[in-house]
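Enquirer:
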């Protein structure tokens, strides 16, 4: 991943400084990010956590989506994480509850050098924004299933996953740029 | 040397921040990249299945695994040593494996203030890494299917550790790392650009003493 045109001014020639030292901050961030992400996903894959935290949380998302669908003239019945009406039914599972995007965002915010105040503010607002976009996604997918069932699969796995993850990434970049403290040069 | 007039004009010109330019560029690149990805998906699916099949066969003797294309998007996992009626042990959507290429393309092409040559060079490296990741993801999917999804056959051929290893490996690769790979790669290549764009906030101005 060596660059030909380093952005940061460097007093010594790139050849003199070892790769890991030259890219110390990137490597630190990436390792911490991977560890936090792997840890977070291992945690939510535990049965107890899934049954006592993730499932009720997903049920809450189903409930909120049901309320929104009802408000826009699409009354649905809810049973746990399943939403259904006479024409379509959808089961909100892991991967559709926004938890993945939240964990990626959380790992990225915690791994980036910033004050704890900035991190907590970023996490609070970011997670709220991600869940808002995810709510729009669930509602839009239900409507896609009702009116355009042929494009439901593509919409579900490609379009909306891309939108939610890209949104999370952009949000992090915005946070890092606006609210995170600039790191001291090495 | 800029004249004071030109400097004043430059000061008045609205300067979009780096992240806003990135978001604008990402929105502009989304449709062209999605179009390219859609066009190349059938070809890429064939390539992935062929490569992953070769990788799986490297780990088994005799070679019994077939990854068979069902249509432009789906594939079957087949085993030659199973009775013909049960030879197709599982199916999966190959297109779902590599939709993150879309995000890789959008993120790498959208970085503002970077020369095109460097942008394309970095994109090339990122796509190459993503291709290897995709092959490994299918490999893990096949192995997790054998280890944990074939009932008594899985129990007879894989121990508890192997079942957990392949199952957790597939879970981690398929959800967190598939989703975050574009971000990881982007940060790996553009971390310095991002941090260079972060400027210390100016100290808040003291309120003027009231008269």
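Protein chains in written order, with my numbering: chain B, 66 to 251; chain U, 370 to 580. Glycine included, every Cβ here is placed at the ideal spot set by N, Cα and C. Treat the numbers as computed from the prediction; the structure is a model and nothing was measured.
1) Looking at the unbroken alpha helix (DSSP H) that takes in residue 98 of chain B, where does it start and where does it end?
2) Can you tell me where the beta strand (DSSP E) holding residue 456 of chain U begins and where it ends?
3) Of all the residues that make up the region 553-568 of chain U, which are near chain B by a beta-carbon distance shorter than 8 Å?
4) I'd like the span of the alpha helix (DSSP H) that includes residue 142 of chain B, first residue to last.
5) Keeping to the same chain, check which residues put their C-beta closer than 7 Å to that of residue 159 of chain B; ignore five residues upstream and five downstream.
6) Using a Cβ distance threshold of 8 Å, determine whether the region 196-214 of chain B contacts the region 174-187 of chain B, with at least three qualifying pairs required.
7) Report the option in B/153, B/237, B/229 whose CA atom is closest to the CA atom of residue 172 of chain B.
8) Measure the Cβ-Cβ separation of residue 551 of chain U and residue 492 of chain U and say whether it is below 7 Å.
9) Out of U/413, U/430, U/412, U/468, which one is the CA nearest neighbour of residue 399 of chain U?
10) Whose Cβ in chain U lies nearer than 7 Å to the Cβ of residue 238 of chain B?
11) Following a CB-centred definition, is residue 412 of chain U positioned closer than 6 Å to any heavy atom of the ligand GTP?
12) Of the residues U/452, U/424, U/392, U/561, which one's Cα is nearest the Cα of residue 502 of chain U?
13) Thinking just about the alpha-carbon of each residue, which of U/553, U/401, U/512, U/545 is nearest to the one in residue 96 of chain B?
14) I'd like the list of long-range same chain contacts for residue 563 of chain U, defined as Cβ closer than 6 Å, with 5 residues on each side in sequence excluded.
15) List the endpoints of the continuous beta strand (DSSP E) containing residue 443 of chain U.
16) Please compile the residues from chain B whose C-beta is within a distance smaller than 8 Å of the C-beta of residue 548 of chain U.
17) Any C-beta of chain U within less than 8 Å: which residues of the region 89-105 of chain B qualify?
18) With 7 Å as the threshold, decide whether the Cβ of residue 234 of chain B is near any Cβ in chain U.
19) Taking a contact to mean a Cβ-Cβ separation below 7 Å, would you say residue 123 of chain B touches residue 169 of chain B in this structure?
20) To the nearest angstrom, report how far apart residue 436 of chain U and residue 534 of chain U are at their CA atoms.
21) Cβ of residue 203 of chain B less than 7 Å from any chain U Cβ?
22) So residue 411 of chain U contacts chain B; which residues on that side make the cut at Cβ distance below 8 Å?
23) Taking a contact to mean a Cβ-Cβ separation below 7 Å, would you say residue 187 of chain B touches residue 232 of chain B in this structure?
24) Would residue 223 of chain B count as contacting chain U if we go by Cβ distances under 7 Å?
25) Would you say residue 530 of chain U lies against chain B (beta-carbon separation less than 7 Å)?
26) List, in chain order, every chain B residue whose beta-carbon is nearer than 7 Å to that of residue 503 of chain U.
27) Using beta carbons (cut-off 7 Å, strictly below), is residue 468 of chain U in contact with chain B?
28) So, does the CB of residue 110 of chain B fall closer than 7 Å to a CB anywhere in chain U?
29) Does the beta carbon of residue 450 of chain U come closer than 7 Å to any beta carbon on chain B?
30) Going by DSSP in three states, residue 159 of chain B sits in which element: helix, strand or coil?
31) Any idea what DSSP makes of residue 133 of chain B, helix, strand or coil?
32) Between residue 401 of chain U and chain B, is there a C-beta pair that is closer than 7 Å?
33) Kindly indicate which three-state DSSP category residue 434 of chain U falls into: helix, strand or coil?
34) Three or more beta-carbon pairs under 8 Å between the region 105-112 of chain B and the region 124-140 of chain B, yes or no?
35) Give the interface partners of residue 541 of chain U over in chain B, defined as CB-CB distance under 7 Å, in chain order.
36) So, using beta-carbon positions, are residue 527 of chain U and residue 513 of chain U closer together than 7 Å?
Expert: Reading it off the structure:
1) To locate residue 98 of chain B, count along the first chain from 1; it is residue 33. Start and end: 89-110.
2) On the second chain, residue 456 of chain U is found 87 positions in, with the first residue counted as 1. Counting along the chain, residue 456 of chain U falls outside any beta strand (DSSP E), and DSSP gives it neither H nor E.
3) 553, 555, 556, 557, 558, 560, 561, 562, 563, 564, 565, 566, 567, 568
4) Taking the first residue of the first chain as position 1, residue 142 of chain B is located at position 77. Careful: residue 142 of chain B lies outside any alpha helix (DSSP H), inside the beta strand (DSSP E) at 142-144.
5) Locating residue 159 of chain B in the first chain gives position 94, where the first residue counts as 1. Closer than 7 Å at Cβ, skipping near neighbours: 119.
6) no
7) The residue given as residue 172 of chain B occupies position 107 in the first chain. Nearest option by C-alpha distance: B/237.
8) Translated into positions along the second chain, residue 551 of chain U becomes position 182. Translated into positions along the second chain, residue 492 of chain U becomes position 123. The answer is no: Cβ separation not under 7 Å.
9) Numbered from its first residue, the second chain carries residue 399 of chain U at position 30. Residue U/468 is the option with its Cα nearest to residue 399 of chain U.
10) Against the first chain, residue 238 of chain B aligns to sequence position 173. Within chain U, the residues near residue 238 of chain B are 388, 391, 563.
11) For the structure depicted, the ligand GTP is absent and the ligand set is empty, with no information on it obtainable.
12) Along the second chain, read from residue 1 onward, the residue named residue 502 of chain U stands at position 133. Among U/452, U/424, U/392, U/561, the Cα nearest to that of residue 502 of chain U belongs to U/424.
13) Here residue 96 of chain B refers to the residue found at position 31 of the first chain. If we check each option's Cα against that of residue 96 of chain B, U/553 comes out closest.
14) Against the second chain, residue 563 of chain U aligns to sequence position 194. So no residue of the chain qualifies.
15) In the second chain, the residue the question calls residue 443 of chain U occupies position 74. Where residue 443 of chain U is concerned, the enclosing beta strand (DSSP E) stretches over 443-448.
16) Along the second chain, one-based indexing puts residue 548 of chain U at 179. The answer, in chain order, is 165, 166, 169, 226, 230.
17) Taking 8 Å as the Cβ-Cβ cut-off against chain U, the residues of the region 89-105 of chain B that qualify are 90, 91, 94, 95, 98, 99, 102, 103, 105.
18) Here residue 234 of chain B refers to the residue found at position 169 when the first chain is read from its first residue. So yes, residue 234 of chain B belongs to the interface.
19) Position 58 of the first chain, counted from the start, is the residue given in the question as residue 123 of chain B. Position 104 of the first chain, counted from the start, is the residue given in the question as residue 169 of chain B. Their beta carbons are not under 7 Å apart, which means residue 123 of chain B does not touch residue 169 of chain B by this criterion.
20) Translated into positions along the second chain, residue 436 of chain U becomes position 67. Translated into positions along the second chain, residue 534 of chain U becomes position 165. Rounded to the nearest angstrom, the two C-alpha atoms are 22 Å apart.
21) Against the first chain, residue 203 of chain B aligns to sequence position 138. Output row for residue 203 of chain B: interface = no.
22) Position 42 of the second chain, counting from 1, holds the residue named residue 411 of chain U. By Cβ distance, chain B contributes nothing, its closest Cβ being about 14 Å from residue 411 of chain U, past 8 Å.
23) Working through the first chain from its first residue, we reach residue 187 of chain B at position 122. Working through the first chain from its first residue, we reach residue 232 of chain B at position 167. No, these two residues do not count as a Cβ contact at 7 Å.
24) Position 158 of the first chain holds residue 223 of chain B. Judged by the 7 Å Cβ criterion, residue 223 of chain B is in contact with chain U.
25) Within the second chain, the letter at position 161 stands for residue 530 of chain U. No, no contact with chain B.
26) The residue given as residue 503 of chain U occupies position 134 in the second chain. Simply none; closest approach about 15 Å.
27) In the second chain, residue 468 of chain U corresponds to position 99, counting from 1. So, interface residue.
28) Taking the first residue of the first chain as position 1, residue 110 of chain B is located at position 45. Chain U, which has a Cβ nearer than 7 Å to the Cβ of residue 110 of chain B, makes this yes.
29) Looking up residue 450 of chain U in the second chain gives position 81. No - not a single Cβ of chain B is within 7 Å of the one on residue 450 of chain U.
30) Within the first chain, numbered from 1, the residue matching residue 159 of chain B stands at position 94. DSSP places residue 159 of chain B in coil when its eight states are reduced to three.
31) Here residue 133 of chain B refers to the residue found at position 68 of the first chain. Residue state, collapsed to three classes: helix.
32) Position 32 of the second chain, counted from the first residue, corresponds to residue 401 of chain U. By this cut-off, residue 401 of chain U is not an interface position.
33) As a position in the second chain, residue 434 of chain U is number 65, starting the count at 1. Residue 434 of chain U: strand per DSSP, three-state reduction.
34) no
35) Position 172 of the second chain, counting from 1, holds the residue named residue 541 of chain U. Under the 7 Å cutoff, chain B gives 103, 106.
36) Within the second chain, the letter at position 158 stands for residue 527 of chain U. Within the second chain, the letter at position 144 stands for residue 513 of chain U. Result no, Cβ atoms of residue 527 of chain U and residue 513 of chain U do not sit closer than 7 Å.
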